[in-house]
Structures are given as structure tokens and as C-alpha cells.
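Working notes, beginning with the structure itself.
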Amino acid sequence: MIPLLILGLLIQNPSAHGYELLALMEKRHYKYIVNFTKGSFYYNLQQLEEKGWIEQVHQNLLTSGRETRNFIITESGKAEFEQLMVKYGTKSEYVNLQFYGALLFAEQYDQSKLLELIQSQIDQTQARIALLDEYLSNTQEAPGIIDYYRRMNENSRAHHLVNLEWFEQLKAGIEGGRLD
1 MIPLLILGLL IQNPSAHGYE LLALMEKRHY KYIVNFTKGS FYYNLQQLEE
51 KGWIEQVHQN LLTSGRETRN FIITESGKAE FEQLMVKYGT KSEYVNLQFY
101 GALLFAEQYD QSKLLELIQS QIDQTQARIA LLDEYLSNTQ EAPGIIDYYR
151 RMNENSRAHH LVNLEWFEQL KAGIEGGRLD
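The UniProt record's numbering puts the first residue of the sequence shown at 1, with every later residue one more than the last.
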């Protein structure tokens, strides 16, 4: 998935440098789409260059004295982008929260500690909703143009709201002495 994101970002931002692409991924909260680290991002960037799907166009010297490597997508990279769009665009997967695994053994776990785990899920989900609310309040969909990124974030927000309601019901059930 990371190669798709990098290639797509380079189509949107020709001649961008690696740090700029990584910053866009972080700013746009792509971590909700795929887990990535700075290291995995740069590893994938290097792999894309080695495969000839992107190429370096020039280097700039930043005011800090460091050089930036600027990239563009190649014709073979555009073909790979097309293949990756089909690969990921045709997939529909189950939602997997690691919390589900822990919840399988809720009855065998100390209930006060389980409440702490659920509260952690509530806190994290509220934080995600707040980030999405902040993004959505600062953007508007232009008339006549479908802003897929905005709609994706609206959908993500709706999912988080459902999860939040479920986590709160779990917490209330445990506090009431029942697991339901």
C-alpha cells in the first residue's frame, strides 16, 4: 500500500522531495489507511527508485545545508500506479482492530483492568474523532467536484463514532456487572 501512496502523491506533487511526501502522508493522516514509519516510508521510496518507477530529477540545498532529493514518477511508475489502483481498489477487507483479539478473553481477565483497556480505546477513538473534526472543519468540498479525501475522512469519522458507542456500551455493561 505504501508504494501506491507514494506514487499517487508524486502524481499530485511532481518534483516533491521525500520529506515533503512523508509530511503529506502524516498531515493527511494516512496512518489510518496503512501503518508506516519514517523508515518504512524511505525504504519504499528507495525500492520505487530502484525499480525505475520514480526517478530523481534534481537536488536542492536547503537553508540548513542539507540536500533534498526531488522525485518524479516515470512512465513505468504510472503503469505500476494503475496496477496498484486496481489491486487495492478491488479489495474489501474485514475491519481488524487488535483490541478484538484482547476482547476474546475478556471473561478471563481482571474486570477492572479490562475497564482500563476499554477506557484507553475510548480515549484513543475520541482523539481520532477530534483530529478528523479539525480537518473536516477546515475544509469544504468545492461545488461540482467530488473530494474523495474529504469523503473518506467523513466515512472514517462515522466508523469511529460507531466504535466509540460500542466501547461505551462495553464499559457500561462491565460496570453494571454484565458482559454483553
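For each residue, glycine too, the CB sits at the ideal point set by N, CA and C.
Just to confirm the assignment, what range does the alpha helix (DSSP H) spanning T125 have?
Looking up residue 125 in the sequence shown gives position 125. Its alpha helix (DSSP H) spans residues Q111 to S137.
For this session: Work out the CA separation of P3 and G52 for me, nearest whole Å.
Result: Taking the first residue of the sequence shown as 1, we reach residue 52 at position 52. Taking the first residue of the sequence shown as 1, we reach residue 3 at position 3. Here the alpha carbon of G52 sits roughly 13 angstroms from the alpha carbon of P3.
*Take the Cβ of T37 as the centre, count every other Cβ of all protein chains shown within 10 Å, and call the residue buried at 16 or more, exposed below.*
If you number the sequence shown from 1, residue 37 lands on position 37. Burial call: exposed.
**Prompt:** Just how far apart, CA to CA, sit S137 and Q108?
**Reply:** Numbered from 1 along the sequence shown, position 137 holds the residue referred to as residue 137. Numbered from 1 along the sequence shown, position 108 holds the residue referred to as residue 108. Cα to Cα, the separation comes out at about 43 angstroms.
- Counting only the same chain and skipping the five closest in sequence on each side, list residues whose C-beta sits under 7 angstroms from that of I6. Here the question's residue 6 lines up with position 6 in the sequence shown. L21, N44, L45 and L48, listed in sequence order.
**Message:** Rounded to the nearest angstrom, what separates D147 and S76 at their Cα positions?
**Reply:** In the sequence shown, counting from the first residue as 1, residue 147 sits at position 147. In the sequence shown, counting from the first residue as 1, residue 76 sits at position 76. The alpha-carbon separation between D147 and S76 amounts to approximately 27 angstroms.
**Asked** Would you report the Cα separation of N155 and Q12, rounded to the nearest angstrom?
**Response** Position 155 of the sequence shown, counted from the start, is the residue given in the question as residue 155. Position 12 of the sequence shown, counted from the start, is the residue given in the question as residue 12. Between N155 and Q12, the alpha-carbon positions lie close to 23 angstroms from each other.
If you measure between the beta carbons of T139 and L164, is that distance less than 8 angstroms?
Counting from one through the sequence shown, the residue named residue 139 turns up at place 139. Counting from one through the sequence shown, the residue named residue 164 turns up at place 164. No, the pair does not count as a contact, with Cβ atoms beyond the cut-off.
Assuming F71 and E55 form a contact by the criterion Cβ under 8 angstroms, report the distance between their Cβ atoms to the nearest whole angstrom. Along the sequence shown, read from residue 1 onward, the residue named residue 71 stands at position 71. Along the sequence shown, read from residue 1 onward, the residue named residue 55 stands at position 55. That belief holds up - the Cβ atoms of F71 and E55 are roughly 7 angstroms apart, short of 8 angstroms.
Practice prompt. Could you give the DSSP three-state label for H29: helix, strand or coil?
Written response: Reading the sequence shown from its first residue, position 29 is the one you call residue 29. Coil, per DSSP.
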